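Notes for the one structure printed next.
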Amino acid sequence: MADTMQFDLVAPERKLASVEEAVEVMVPGSDGDLTVMPGHAPMLTTLRPGKLTLVTRSETQSYAVTGGFAEITPEGITVLAERSMPAEEFTKEVHDRLIEEARRVHDEAHPSVADMTAKLLADMEALGAHMLG
69 MADTMQFDLV
79 APERKLASVE
89 EAVEVMVPGS
99 DGDLTVMPGH
109 APMLTTLRPG
119 KLTLVTRSET
129 QSYAVTGGFA
139 EITPEGITVL
149 AERSMPAEEF
159 TKEVHDRLIE
169 EARRVHDEAH
179 PSVADMTAKL
189 LADMEALGAH
199 MLG
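Position 58, counted from 1, in the sequence shown is what the numbering used here calls 126; the numbers after and before it change by one each time, with no gaps.
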């Protein structure tokens, strides 16, 4: 079994990362955080807003994601993010805009999806705590 894997992170605006020697990737899955390592069982998962962390032999990089999907295979992980940015681009102003947008969606939501939009808003608020310290 290989001790590294392929990692790709893509958002609609740009490709954020393509790394051939990832050691592990910590992913904010909708059903809970998970750590993907080489040889991981194949799976698809949806993402919630959160911090995605890439670990290679030489460095650790963090990214904010607002949702999306991850395809995991024994050879690697591909993340298709709704929105994503490197940690250094995630500012308080960016977070405030994301919160404002999530709050507006929640306020305008039909009662049948109010629980779902409330969770999105809470996850978006928690994203700031994880990314901004």
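Built from N, CA and C at the ideal position, the CB exists for glycine as well.
Given the structure is predicted, the values throughout are model-derived calculations rather than measurements.
Handout entry: Between the CA atoms of Gly100 and Pro179 - distance to the nearest angstrom
Key = 25 Å
Practice task
Please determine, among Val78, Thr128, Leu112 and Arg172, the residue with the shortest C-alpha to C-alpha distance to Val93.
Solution key: Thr128
Handout entry: Alpha carbon of Ile140 to alpha carbon of Thr103, nearest angstrom
Key = 11 Å
Exercise for the section: Given a cut-off of 7 Å, decide if Leu115 and Pro142 are closer than it, judged by their beta-carbon atoms. Expected result: no
Practice task
Please classify Val133: is it buried, with 16 or more other beta-carbons within 10 angstroms of its beta-carbon, or exposed?
Solution key: buried
Handout entry: Integer Cβ distance of Leu122 from Ala149, believed to fall under 8 Å
Key = Not really, about 13 Å apart at Cβ, beyond 8 Å.
Exercise for the section: Starting from Glu139, follow its DSSP beta bridges and name the residues at the other end. Expected result: Leu112 and Thr146
Problem - 8 Å Cβ shell around Ala209 - same chain, five flanking residues per side excluded - result: Absent from the model: residue 209. The displayed extent of the chain is 69 to 201, so no value can be given.
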